[in-house]
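Enquirer: Sharing a structure, written as structure tokens. Questions coming.
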Amino acid sequence: MRRKSDLPTKICLTCGLEFAWRKKWERDWDEVKYCSERCRRNKPSSSSEAVGQQI
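Structure representation (structure tokens):
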């Protein structure tokens, strides 16, 4: 059995928190960008990212 610390991790693009691989993401792990459905729904829009870069 694998320990959670042995699983691959990524950083959520919305909240910036680290999250670990899940069985339900097995087929799509390369495309997973957000740690939760809430973060996916609240993803930053490209216009707000551009405003943040100008400051």
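Quick note: to get the numbering used here, add 969 to the position in the sequence shown (first position is 1). Beta carbons: idealized from backbone N, C-alpha and C, even for Gly. Note that this is a predicted model, so its numbers are computed, not measured.
In the DSSP assignment, what are the bridge partners of GLU987?
Expert: DSSP, once it has assigned bridges, lists ILE980 as partnering GLU987.
Enquirer: Specify, as a first and last residue, the run of the alpha helix (DSSP H) that GLU1006 falls within.
Expert: From DSSP, the alpha helix (DSSP H) with GLU1006 extends over 1006 to 1010.
Enquirer: I need the DSSP call for SER974, collapsed to helix, strand or coil.
Expert: Note: SER974 maps to helix in three-state DSSP.
Enquirer: Does DSSP put LYS992 in a helix, in a strand, or in coil?
Expert: Three-state result, LYS992: helix.
Enquirer: Between THR978, ARG972, LYS973 and SER974, which has its C-alpha nearest TRP998's C-alpha?
Expert: Ranking THR978, ARG972, LYS973 and SER974 by Cα distance to TRP998 puts THR978 first.
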